[in-house]
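> In terms of UniProt numbering, the sequence shown opens at residue 1 and continues consecutively.
Quick reminder that beta carbons are idealized off the backbone N, C-alpha and C, glycines included.
Dropping the structure in here first, questions after.
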Amino acid sequence: MNSDNEKMNRKYIRARKRVEELRKYYWHLTVYVLINTIISIYKIINDARGGSGGLEEALTDFDNYSLWLWWGIGIAYHTYGTFGSRLFVSKSWEERKIKEFMDEK
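Laid out in structure tokens, this is it:
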């Protein structure tokens, strides 16, 4: 019976760690979207006011969106670190792996 308790404790600890990883990832993604949206809007407004091309040029200026790209690379790494190859595999593979992990001693 003690062995069953230890097994459940280990499963709980792994599950808790996974939930923590997911929480951190979703928080990072939320901050990424909010901050980049605010910065892009700020840059577009400033460019539209002071630039010679007006709003149309400000909306198409890559510099106003470059932070999305560079920070997006970091998000891509974080995504891979959080989900790994699970992003690219089938549901049946996931179910087999869950069963495999649950059957581990």
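1) Where do the N-terminal and C-terminal ends of the alpha helix (DSSP H) with TYR32 fall, by residue?
2) What three-state label does DSSP hand GLY53 in the structure shown?
3) Go through its chain and collect everything with a Cβ distance to TRP71's Cβ below 7 Å, but skip five positions before and after it.
4) Within its chain, find whatever has a CB closer than 6 Å to the CB of TRP68; leave out the 5 residues flanking it on each side and keep chain order.
5) Is ASN64 closer than 7 Å to SER92 when the C-beta atoms are compared?
6) Give the single residue among LEU29, TRP27 and LYS11 whose Cα lies nearest to the Cα of GLU104.
7) Which class does TYR77 belong to by DSSP, given the choice of helix, strand or coil?
Per the coordinate set shown:
1) What you label residue 32 is simply residue 32 of the sequence shown in a count that begins at 1. Segment 2 to 50, the alpha helix (DSSP H) holding TYR32.
2) Translated into positions along the sequence shown, residue 53 becomes position 53. The answer is coil: DSSP assigns GLY53 none of H, G, I, E or B.
3) Sequence index remark: in the sequence shown, residue 71 carries index 71 (1-based). Scanning its chain for C-beta atoms nearer than 7 Å, with the 5 sequence neighbours on each side dropped, one finds around TRP71 the residues TYR32 and ASN36, in chain order.
4) Stepping through the sequence shown from its first residue, residue 68 is reached at position 68. Once the five neighbours on either side are set aside, the close Cβ partners of TRP68 are ASN36.
5) Walking along the sequence shown from the start, residue 92 turns up at place 92. Walking along the sequence shown from the start, residue 64 turns up at place 64. Not a contact, by the Cβ cut-off of 7 Å.
6) By 1-based counting over the sequence shown, the position of residue 104 is 104. When each option's Cα is compared against that of GLU104, the closest is LYS11.
7) In the sequence shown, the residue the question calls residue 77 occupies position 77. The three-state reading of DSSP puts TYR77 in helix, counting H, G and I together.
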